Amino acid sequence: MKRIIALAMTLVLSIGMLSASVSVVANAAYEKISDALLVELDNATTTLACVEIADVDRGAVMEIFEERYPLEYQAYVQAKIGGLEELGHNTSIEVTDALLQRAIECKREIYKMVCAESNLSALSAHLSDVELVFVSTYAPIAILEVDEASTLSLALDSSIISLEVIENQETFTDEELMLSTSETSAVTESFIEGIELANSITRADYVRDTYGHTGEGVKIGIAEAAGVPDTSNPYLTAANITIREGDTTVDDHATRVTAILAAADANGSYGVVPDADFYCCHANNTLTFYSGVEWMLDCGVNVINASLGWYSRLGYYDPYSAWVDHIAVLHDVHFVAAAGNQQSNNPNSYITAPGMAYNAITVGNIDPQGSSNVEDFIFRYNSSYVEKDVIDVGQRPEKPNVVASGTMGGRSGTSYAAPQVTGVVAQLCCYDSFMKIRQSAVGAIIMASAAEKVNAVGTGAKGDIFQTTDQISPQISDKEGAGILDARWARGIILQGHYWTYSANASSFPITITTTVSATNGNVTRVAAFWLKRNTVDAHDGSLSASGPDLTNLDLLVYDPDGNLIDTSTTVYCNFEIIQFVPQKTGTYTIVVYGTTADKEHVGVALW
0 MKRIIALAMT LVLSIGMLSA SVSVVANAAY EKISDALLVE LDNATTTLAC VEIADVDRGA
60 VMEIFEERYP LEYQAYVQAK IGGLEELGHN TSIEVTDALL QRAIECKREI YKMVCAESNL
120 SALSAHLSDV ELVFVSTYAP IAILEVDEAS TLSLALDSSI ISLEVIENQE TFTDEELMLS
180 TSETSAVTES FIEGIELANS ITRADYVRDT YGHTGEGVKI GIAEAAGVPD TSNPYLTAAN
240 ITIREGDTTV DDHATRVTAI LAAADANGSY GVVPDADFYC CHANNTLTFY SGVEWMLDCG
300 VNVINASLGW YSRLGYYDPY SAWVDHIAVL HDVHFVAAAG NQQSNNPNSY ITAPGMAYNA
360 ITVGNIDPQG SSNVEDFIFR YNSSYVEKDV IDVGQRPEKP NVVASGTMGG RSGTSYAAPQ
420 VTGVVAQLCC YDSFMKIRQS AVGAIIMASA AEKVNAVGTG AKGDIFQTTD QISPQISDKE
480 GAGILDARWA RGIILQGHYW TYSANASSFP ITITTTVSAT NGNVTRVAAF WLKRNTVDAH
540 DGSLSASGPD LTNLDLLVYD PDGNLIDTST TVYCNFEIIQ FVPQKTGTYT IVVYGTTADK
600 EHVGVALW
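Mapping to numbering that gives the first Met the number 0: the sequence shown position 335 is 334, numbers consecutive.
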């Protein structure tokens with residue numbers, strides 16, 4: 000294949016003697032084809048390729064959105080950035096929960112229409128030469144079966160950005176890592192007891208029962224590798240569950256993951272958000288995962304739980320993670336992923352895809368050992384936390400973001416930790432529907448509030464620091480990220496108005512925030528900044544793709560009331576920064592997010 004491509008390019012270059020620009024086109028085309036795809040076609044007549052197409056103009060999409068649905072458009076923009084002034088509107092409108100949900104779904108409808116047309120138009124000249132396997136309607140990608148000639152033809156097309164080999168890989172769960180048990184039922188009393196303990200640790204039960212944030216009005220997607228939940232399970236019969244048409248395989252793992260979110264019976268609620276609407280699909284391989292997520296977007300989901308992963312390219316920021324980043328940022332959906340579990344073919348505990356997505360909240364697993372006392376908790380040996388070292392530091396997010404209890408009823412895995420976070424994100428969206436489209440703010444809130452630690456010096460109480468060997472910065476753990484999920488503190492940040500969200504451009508930096516902080520009883524204050532890897536552009540000339548622009552590197556600084564610098568957080572690889580300190584005096588503190596960007600950034604800041 001390399002020889003054939005080279006000969007083809009030589010022919011183009013020879014023709015190019017008549018025009019120097021032709022050689023430029025040929026070289027650019029050759030660069031579009033990944034080395035891995037060239038190698039694959041050396042060894043096979045045909046193969047699957049992920050073809051990246053020029054992204055649609057988001058600005059044009061928003062113009063259509065405004066023209067077709069003016070009320071929903073105003074509601075969306077007002078909820079997204081907190082006002083309409085930059086769009087020339089001088090008055091605000093009442094944004095109800097129902098109006099905002101309708102706006103989310105209308106915006107997706109417009110994008111789907113434009114994206115589907117753009118993708119098919121770009122591929123139209125090649126349809127006689129390739130087999131269409133999957134064409135996205137929510138992202139500028141398609142998966143095609145290609146041969147040597149069609150690969151060259153695609154590469155020479157100016158609307159095609161890149162071609163990468165892709166496998167229709169099977170997804171997996173952590174089921175084979177379960178602790179020994181004689182239980183045969185998917186959800187037993189001991190598993191329910193484990194859910195209740197996990198909810199008490201994260202205080203999700205307190206938020207659910209005291210404040211009534213049961214998930215009503217929030218749509219949650221659940222993608223599972225082995226099947227869909229058993230809706231006849233006694234703990235799920237009251238749940239509002241929609242199964243994707245054709246997904247008929249019922250699976251215990253899917254039933255347990257769903258129960259963590261939705262379980263209830265005549266005696267009360269056990270799941271984190273039993274009143275949410277659930278949309279479940281069987282995503283047993285790459286293609287069914289892609290199509291399943293897009294089906295969920297069609298259904299209007301606000302949060303997606305992925306307690307699954309791929310073995311391929313462990314620890315890398317791969318095409319699956321890049322696709323998740325694009326979906327999350329462009330279509331206003333929170334994505335929560337299990338970090339993965341150390342297995343026989345994963346001896347270095349690498350994070351599994353799609354948990355390497357920057358915009359996903361990736362979740363590790365702790366074992367409370369039957370206790371609600373943090374001093375008794377342990378970090379589970381099989382909870383993945385390692386990323387691959389790569390030359391491009393812009394493609395190596397630090398994971399996981401937080402940890403939660405994924406050990407319940409004799410079973411353990413990050414699969415059961417992830418829905419704890421999914422449920423808490425849904426609780427925040429239930430409390431304040433604006434959180435549905437403020438992904439950067441929610442990321443900051445979740446990480447600012449997760450102040451308890453497991454592998455810490457001392458008791459693990461807030462204020463302790465991580466063991467030196469576990470640290471990637473003074474307040475971020477390599478193994479457990481920001482620390483243990485805490486629903487009550489996360490809600491408290493919203494209640495107190497201690498979060499800020501920005502749609503920032505280059506002139507917006509540095510972002511400066513002033514806020515009053517009390518110095519009482521030696522309590523710890525924590526500040527977190529979180530921003531999105533956009534993987535989309537507002538307007539372009541057809542040369543930018545869904546895997547760019549590069550992640551912006553921002554830093555976080557905090558100053559005391561006297562103007563003294565308290566601390567800085569300058570982690571290189573992350574799309575988050577955290578500073579934790581004990582205030583020495585009550586007064587006005589200054590938070591600064593420093594950096595620069597060539598494009599727009601969605602930035603969230605939270606203080607607890």
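Glycine included, each C-beta is placed from N, C-alpha and C at the ideal position. This structure is a prediction, so every number in the text was calculated from the model and none was measured.
Enclosing alpha helix (DSSP H) for residue i [first to last residue]
{"i": "His333", "result": "Note, His333: premise wrong, no alpha helix (DSSP H); beta strand (DSSP E) at 333-337."}
{"i": "Ala403", "result": "Run containing Ala403: none in the alpha helix (DSSP H); it sits in the beta strand (DSSP E), 401-404."}
{"i": "Ala141", "result": "Premise fails: Ala141 lies in the beta strand (DSSP E), 140-145, not in any alpha helix (DSSP H)."}
{"i": "Asn643", "result": "Since the first and last residues shown for the chain are 0 and 607, residue 643 lies out of range."}
{"i": "Ala35", "result": "34-42"}
{"i": "Gly480", "result": "From DSSP, Gly480 is part of no alpha helix (DSSP H); its letter is neither H nor E."}
{"i": "Ser120", "result": "96-122"}
{"i": "Asp204", "result": "203-210"}
{"i": "Val328", "result": "318-329"}
{"i": "Val441", "result": "438-448"}
Exposure of residue i, with buried meaning 16 or more beta-carbon neighbours within 10 Å
{"i": "Ile475", "result": "buried"}
{"i": "Leu178", "result": "Residue placement at Leu178 is flagged as unreliable, the pLDDT there being 41, under the threshold of 50; the coordinate-derived value follows with that caveat. Exposed, since its Cβ has fewer than 16 Cβ neighbours within 10 Å."}
{"i": "Glu576", "result": "buried"}
{"i": "Asn26", "result": "exposed"}
{"i": "Lys218", "result": "buried"}
{"i": "Ser544", "result": "Low confidence applies here, because Ser544 scores a pLDDT of 49, under 50, leaving its location unreliable and the question unanswered by this model."}
{"i": "Gly245", "result": "exposed"}
{"i": "Pro582", "result": "buried"}
{"i": "Lys584", "result": "exposed"}
{"i": "Asp375", "result": "exposed"}
{"i": "Gln495", "result": "exposed"}
{"i": "Thr406", "result": "buried"}
{"i": "Ser127", "result": "exposed"}
{"i": "Ile377", "result": "exposed"}
{"i": "Leu99", "result": "buried"}
{"i": "Ser542", "result": "Per-residue confidence for Ser542 stands at a pLDDT of 41, beneath the threshold of 50, marking its modelled position as unreliable; the derived number appears in the next sentence. Classification of Ser542: exposed, given that the 10 Å Cβ count is below 16."}
{"i": "Gln341", "result": "buried"}
{"i": "Ile32", "result": "buried"}
{"i": "Ile92", "result": "exposed"}
Host beta strand (DSSP E) of residue i (start-end)
{"i": "Lys218", "result": "218-223"}
{"i": "His601", "result": "600-606"}
{"i": "Glu51", "result": "46-52"}
{"i": "Phe580", "result": "575-580"}
{"i": "Tyr558", "result": "554-558"}
{"i": "Ser161", "result": "159-164"}
{"i": "Thr629", "result": "The requested residue 629 does not occur in the structure, where the chain is confined to residues 0 to 607."}
{"i": "Glu65", "result": "Element bounds for Glu65: not the beta strand (DSSP E) but the alpha helix (DSSP H), 57-67."}
{"i": "Gln466", "result": "Unbroken run through Gln466: none, as it is neither H nor E."}
{"i": "Ser414", "result": "Per DSSP, Ser414 belongs to no beta strand (DSSP E); it is in the alpha helix (DSSP H), 413-430."}
Beta carbon of residue i nearer than 7 Å to that of residue j
{"i": "Pro509", "j": "Tyr593", "result": "yes"}
{"i": "Leu47", "j": "Ile142", "result": "yes"}
{"i": "Leu296", "j": "Tyr137", "result": "yes"}
{"i": "Val609", "j": "Val302", "result": "Since the first residue of the chain shown is 0 and the last is 607, residue 609 is not available in this structure."}
{"i": "Gly308", "j": "Thr257", "result": "no"}
{"i": "Arg525", "j": "Gln579", "result": "yes"}
{"i": "Val292", "j": "Arg487", "result": "no"}
{"i": "Val129", "j": "Val145", "result": "yes"}
{"i": "Gly422", "j": "Leu260", "result": "yes"}
{"i": "Tyr269", "j": "Ile194", "result": "yes"}
{"i": "Ile200", "j": "Ser414", "result": "no"}
{"i": "Val591", "j": "Leu556", "result": "yes"}
{"i": "Cys105", "j": "Glu71", "result": "yes"}
{"i": "Lys435", "j": "Cys428", "result": "yes"}
{"i": "Asp304", "j": "Pro228", "result": "For clarity, residue 304 is Asn in the given sequence; the question names Asp instead. It is not a contact, given that the beta carbons lie outside the stated cut-off."}
{"i": "Tyr234", "j": "Val300", "result": "no"}
{"i": "Val420", "j": "Trp530", "result": "no"}
{"i": "Asn400", "j": "Ile360", "result": "yes"}
{"i": "Ile240", "j": "Cys49", "result": "no"}
{"i": "Asp274", "j": "Thr213", "result": "yes"}
{"i": "Asp431", "j": "Arg202", "result": "no"}
{"i": "Val113", "j": "Val60", "result": "yes"}
Worksheet entry | Ranges of the beta strand (DSSP E) found wholly within the segment 257-302, counting only runs of at least 3 | 276-281
Worksheet item: At what residue ranges does the segment 484-531 contain a whole run of the alpha helix (DSSP H), taking only runs of 4 or more?
Response: 486-494
Discussion item. Using a Cβ distance threshold of 8 Å, determine whether the segment 447-454 contacts the segment 502-522, with at least three qualifying pairs required.
Written reply: no
Discussion item. Below 8 Å, how does it come out for the segment 160-170 and the segment 376-383: are there three or more Cβ pairs, yes or no?
Written reply: no
Worksheet item: Between the segment 431-441 and the segment 479-487, do three or more beta carbon pairs fall short of 8 Å?
Response: no
Worksheet item: Do three or more CB pairs link the segment 488-505 to the segment 586-606 at distances below 8 Å?
Response: yes
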